[in-house]
Structure formats: structure tokens, C-alpha cells
Amino acid sequence: MGTLTRPAIAFVNPSVGFSDRRKSKPIGLAYIMAYLEKSGFPSSGFDFGDSEDDAVELAAHYSLDRFDVVGFSVYNESFRAAIAMAEWIKNRRPECLIVLGGPHATAVHEHILRRYPCVDVVVRREGEEAMLDLVRGLDVGVDVDGDGDAGGRAGLTGIRGTTWRAPDGAGLLVNEDRDFVPDLDQIPFPDAEFTSHSGYPDLTYYDEVQGRLKAALTICSSRSCPYNCSFCGVLTIGRKYRSREAERVVAELLHFRARHGVNYEHVYFSDANFFVSPTRALEVAEALYEADPQVTFSFGTRVNQILKAAEVLPRLKERGLRFIELGIESASEPVLERLAKHVKPEVNVAAVRLLKRLGIEISLDFIMLDPATTLPDIRANLEFLREAGFYDYVPHDHLYTALVLYEGTPIRDFYARRFGVVFDPDDLPSPFTLFELPEVQRFSDTLRAFRKQWQDRIDGALAQGELALASMADGSDGSDGSDGLGGSDLPRESHARLQLDVVSLRHAPNLFMERLLEDAEAGFPLLDEGGDEAGDERGDDDGLEALLPRLGHDHVHLHDLIERTEATAREAGFAQAPGVGAVGPHGRD
Amino acid sequence: MLRITSELPYLDQAGHVYVPLAGPARSCLKLNRHASRVWREALRRPVDLDTLPDPDRDFLLGLTRNGVLRTTPAPATASRPAPRPAPRPVSGSASAPVPAPASPSEGV
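Residue numbers (the working numbering), protein chains in the order written: chain H, -9 to 579; chain P, 1116 to 1223.
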């Protein structure tokens, strides 16, 4: 007979296959782990979210086969890695209960259980209560000696919010949905530790108002969103907006300050839509300010809510609001309709103007291309970005974005119908291969070629140039002909040129895109001509040369502008190692 | 008539003029669209400041006082009446604020 004991539980965030420079702990898993811990079920967390290593090698390296239960949080991008790990574990330890949850698993739970025998159960929507029921059931039933007696599982298959294979193999057991966690203030803070292959960078925010770098914390003060944007994966989990009380948000900040011994002074609210209730938003801001007037914060929301609650924004700013991540998505009316944003382009413009007038910075959420995008749609986007002042904005990621068709979203179904296809539930089709119009496909291909060839170099030069300028922002009056700042002897004219070159580098991808669009509208004469030429000494081999804008006050080649910026930064004594990304206007790293 | 020149190089790109070291704490000053037009016109040919609208003249004089622009008398043979700046832009929606030369900068 085996010895009954608490099951060994692991939660895994599998890799999405690429590096996320804003890596932070998987908060959904952290909530579940804290919830189980409070009920007496400790667990181990593994976060491989940005790993480029082989999934099976990671599973082996971290011995994921030593656990009785392994739960994976699954997104479209990480699904194949999750399955690879699950198969490896199941082969080595058949009695291990493999659980999948998260947005993708919720969207295609039946498909997963039909196709992948290595998966035992899918937990749909929010995972706290269903996972607790599962491990409680195992606690009384699992045989940890592995003699094959796993009879306790029979009592688990009726847990609400879960999907199983029927014991007779004849079908699936799709249990009824669970209610959403009704009161978010009743669940513990997401206090969980993760083992990660790469660790976590310190989360910071550079507060330009206070002129200093702050330790930052991510807090989720609400769940879901009352809107129905057709592309949004958040709604796969369920459209049931709930929020937390202001004092609990403050309590979480103070909890993690004490827990980590770090004086967090900026809060990134990770809510899908923080500003659903302006009254509550103000309560949170007032409570944070009362707890510590040095605390600043930022959040994400929709443009229409900005306008509806304009009277609250000045007070939020007084209480520490620094920037808003604004879901603009597109400046084209047909695209906004496809995305079910239910706002007109002029609402985007009005919201941006309002925030700029109030001095509240904007972090852009933008979808430059979707499969049915036309050149006029791109023209509308570029005109909006130019008119709204976003040519000065970095990072440039918004220029390169394309709509991702996540499983479970209405827009994926829309395009499946439009294309007359059935997308494989396991696949996340590349957004860069679905364009309906050949001219948009060529536009996108060329833009991506520019990004591949130039963006890292632009980012590197910008980082060096902006670091040099930031370090020279205060100091002497330059009366000696040099700026003599922060150890720099940069002459005044070089300082001035560096400022202009940095501005021009910020503009460079935007101006390239303008020229590319003009060429596309004319039938690509420049690209055709340039593509016939051999690459030059600057490394151009994609016919991009003819489209590169002349930059800077003296209209130089992009290559020369980059070299000059780096050289001036070196002259100022602020050379930086290659590969260090530029700091955004809102100071996020 | 005055010939107006910039003490330092400047950038005229993406619809705006950027003036180095002219902003707060010697940051780079981004002129709004109207102020950019005033700047371009003023540096293109000799200017009779008295013919300019008060806000535009004050804007240029302010930049002259703080050393961003330099004025020298224009040779008589080169003098021509300076064209007035174009009308203030009213772009976008009808409620769009009109940029005022008195507050010519935008954040960069």
C-alpha cells in the first residue's frame, strides 16, 4: 500500500518561443498557487515563458516528472511547448495528472482532450477553485507509490469547470461552467515564487516628473472587461468584469514591499481595462496617494472611456498617474469596425488630444495590419500617427504589429468564414501571411525587411544617444563653449546636433514607412528598381535603399546617422553595450 | 527689414521644426505646426517684423532674446516685403485646438 500524502504540485508557464523584454511573473498562475497555498497545498512554479530552449530539455533539466500534478497555463503561442512537456512527463510518469488551463485551453478544451492523450483534464476559465477541488480530491485518493492505484480520480471528473475524457473512452465529460470568483478581495495576493531559466529583470519605471528611477510592481486590480472587442483573448476566459477595493490594492503594494524588501514606488496596473469605473479608479489613486505620496501609477484602457471620464483625469494626474496604455488599435474606420471597437477614428484623435493637453503620456496599443487591410487603411494609420505626434514615439513596435487570430476570438471565426477555411485549433496562423491584397503583402514584407535590417541598429543608437542626452540635461550654461556636463566635454554644437539626430532616428522608421506606402500606392516603382540593384557597402540587400529617407538636419543616410549618433554619444562618454534597448517615453524598460 | 538666422542647426522633419537646446533645461524644442510655418518663413527671406501678427512677432523676438535666433539688418537691395504667415491651420475635427505661437512647443 502506498502512503497517502499531499500531492506534489507544479505549475508551468511554457515558452511562447520568443523573448519578451518586459518579462514579468505569470500572474494568473501566481494567483492559483497562492490560492492553493492558503488552503494547505503548496506548489512549485516554473516560468519558461520567454525561453528559446527546447521544451523537452527544459522539462528534463527541471525534473518536471517528479510531480504528481503538473498544471500548464496555455496560450496559443505556448501550446506546442506545453504539449511537448506534457508528453515527456506522461511517458516517464503515467500517473502524473496533467492539467491544462488558460485562454487557449479554455477555447479548445474538447479538441485538446480528443487529440492529446497526455492531457488528463482541462480547467476552463478561472482556475483557482477548480484547481483546489482537483488537488483536494487527489489528496485523498492519489497513490504516490505509483502502483497504479489512482482510483481517487474517479471522484474528480465531476468537478465544475473541468473537461475530461470519459472513462469508457466513448466521449468527453464537459462539466458545467463554474461561477467566476465573485469577490476578488477574498482571494490571496498573487504571492508565488517561480523558478525561471532566465530570472527576472528588476521592474522599474523612470519617473521624469520626479527625475528618478523607481522600483515598480505589477498589480491586477480587476478582471475581464465589459466590452466585446473581436480580437481580445481576455474574453475567452469570460466577460464578467469584477474589481477590487482600493484598500486591498494598497494592501497588496505594502505586502510586496515588505515581502521583497523593496520600496516599490510605481504600480503598473495590468488590468485588461482599469478604467471601467472612473470613480473606483479615483478611489484607488487616492488610497495609493494617502499610503505614500511618492507612488505613481499607470494603467490601460479604451479611448471612449477616456472621453467619458475626462473630468477625473486631472485629479488622477495629481495623485500620480503618469501614463495610460491606450487601446487605439487603428485609425481606419473599416478596421475599427472589424475589431468591434465601437469607436470612430475621431474618438481616437479626441482622446489623444485630451491626454496630451493634460500632460498624461500615452503608451500605444496599435494593430497596424490585419488580413483585410488596404493601402488606404495604412494611409489612415500613418496620417493619424503623424498628426497626433507619434512620430516622436518610441519604441517603434506599433509600426510592425499585425493582428493575431487567437483561438476563441470572434475575429478568428470572422476570417475563417471569409477565407472559407477551418483553422487548425493547434495553429496560430502567422499574421504576416494572411493578407488578402498582394500590395499589402509586399508592403508588409518590405517593412519587415526594414525592421530586420535596421531596427536593432536604430534602437542601439537611440539608447546611446538618449542616455547621453539625459545625462547632459542639467549643468553648466555652456558659456565656455562646451557643455561640460556630467563629465562630458561635448561642444555645444555637438550637443545640439545630437539632439536633432536622436529626434531624426525616432522618425526614421515612420518616414521609411511613408515612403514605402507612397511607393506601394504607385505600384512599387522604386522598390522594383531598387530590387534590381546589388546591395551596397552598407549591407542593403533587399532593395530597401531606394526607400530609405534622408535624415537629420543635413539629410544623411540612415547608416551615417546611426554611426554619427553613436560616435557623438561616445564622445560624450556614454557609450553603451550593444543590444541594450531604448527606453520608452514613459520610462518602461 | 531683418535677416533672421538660426544660431544652431535645426531639423525640419515630419511637418515640424525641432530647435535644439531651446526647450526647458536646454532640451530640444518641437514647434507646433503654426510656429513651424512662422519659423520657416522667417528664415527663408528678410522679414519686416512690424508686418507680422503680434503673436508671431513676439514668438520670433522671444527666440531672438534667448539666443536661438540671430537678427541682422538685411541689405536694402535684398529687401522684399515679407509674406504674412499662412492662416492658422484648422485640421482634424472642428473642435481641434489651434496652436498658438505664444506656446509654440510640443513635447518631444
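Don't be surprised by glycine CBs; every beta carbon is placed ideally from N, CA and C.
Here the structure is a predicted model, which means the values were calculated and not measured.
query                                                                                                                   : result
Cβ-based burial, E523(H) [other Cβ within 10 Å; buried from 16]                                                         : Since pLDDT at E523(H) reaches only 49, below the 50 mark, its modelled position is unreliable, and the value read off the structure follows with that caveat. That one is exposed.
Coil, strand or helix - N3(H) by DSSP                                                                                   : strand
Alpha carbon of S582(H) to alpha carbon of L393(H), nearest angstrom                                                    : Because residue 582(H) is not part of the residues shown, which for chain H are -9 to 579, the question remains open.
Contained alpha helix (DSSP H) runs [length at least 4] in the region 31 to 90 of chain H, N- to C-terminal order       : 45 to 51, 69 to 82
is_contact[Y52(H), chain P] using C-beta, thresh 7 angstroms                                                            : no
Rounded Cβ spacing between V113(H) and M121(H) (contact assumed at less than 8 angstroms)                               : 6 angstroms
Cβ neighbour criterion (16 or more within 10 Å) applied to E47(H)                                                       : exposed
Cβ-Cβ distance between F69(H) and H94(H) below 7 angstroms                                                              : yes
Start and end residues, beta strand (DSSP E) containing L316(H)                                                         : 311 to 319
Straight-line gap, D435(H) to V1134(P) (C-alpha atoms, nearest Å)                                                       : 35 angstroms
Element boundaries [alpha helix (DSSP H), containing H256(H)]                                                           : Premise fails: H256(H) lies in the beta strand (DSSP E), 256 to 259, not in any alpha helix (DSSP H).
Straight-line gap, K28(H) to A562(H) (C-alpha atoms, nearest Å)                                                         : 54 angstroms
Distance between D40(H) and R407(H) (C-alpha atoms, nearest Å)                                                          : 33 angstroms
Cβ of Y21(H) within 7 angstroms of any chain P Cβ                                                                       : no
Amino acids of chain H, ordered along the chain, whose beta-carbon sits closer than 8 angstroms to that of S1151(P)     : Within 8 angstroms Cβ-Cβ: nothing; S1151(P) doesn't reach chain H, min ~13 angstroms.
Cross-chain neighbours of A1129(P) in chain H, by beta carbon under 8 angstroms                                         : R376, Y381, H497, N500, L501
Minimum Cβ-Cβ distance from L1164(P) to chain H less than 7 angstroms                                                   : no
Proximal residues to D43(H) (C-beta, below 7 angstroms), its chain only, five neighbours per side dropped               : H187
7 angstroms Cβ cut-off: residues of chain H touching A1189(P)                                                           : Neighbours of A1189(P) on chain H: none; closest Cβ ~24 angstroms, over 7 angstroms.
Delimiting residues of the alpha helix (DSSP H) encompassing P419(H)                                                    : Note, P419(H): premise wrong, no alpha helix (DSSP H); not H, not E.
Beta carbon of L548(H) nearer than 7 angstroms to that of L538(H)                                                       : yes
Contact set between A1157(P) and chain H, taken where Cβ atoms lie within less than 9 angstroms                         : The premise fails here: A1157(P) is roughly 17 angstroms from chain H at the closest Cβ pair, so nothing lies under 9 angstroms.
P1190(P), DSSP secondary structure in three states                                                                      : coil
Test: A1137(P) CB closer than 7 angstroms to a CB of chain H                                                            : no
Sequence-distant residues of the same chain with beta carbon closer than 7 angstroms to I318(H), five excluded per side : V293, N338, L354, D355, F356
Residues within the region 1172 to 1189 of chain P neighbouring chain H, beta-carbon criterion of under 8 angstroms     : none
Between the CA atoms of M462(H) and G477(H) - distance to the nearest angstrom                                          : Confidence at G477(H) is low in this model, with a pLDDT of 47, below 50, so its placement is unreliable and no value can be given for it.
Bridge partners - L207(H), DSSP secondary structure assignment                                                          : V257(H)
Separation of E553(H) from W78(H), as counted between CA atoms                                                          : 49 angstroms
Inter-residue Cα distance where the pair is V492(H) and D387(H)                                                         : 17 angstroms
Proximity test, Cβ basis, 7 angstroms: Q489(H) and chain P                                                              : yes
Beta-carbon spacing of T226(H), S260(H) below 7 angstroms                                                               : no
Residue interval of the beta strand (DSSP E) (run including D158(H))                                                    : That residue, D158(H), is in no beta strand (DSSP E); it is neither H nor E in DSSP.
Whole-Å CB distance - N3(H) paired with L26(H), under 8 angstroms assumed                                               : At roughly 16 angstroms, the Cβ-Cβ gap does not stay under 8 angstroms, so N3(H) and L26(H) are not in contact.
Under the three-state DSSP convention, the category D173(H) falls into                                                  : coil
Closer than 7 angstroms to chain P by CB, H547(H)                                                                       : no
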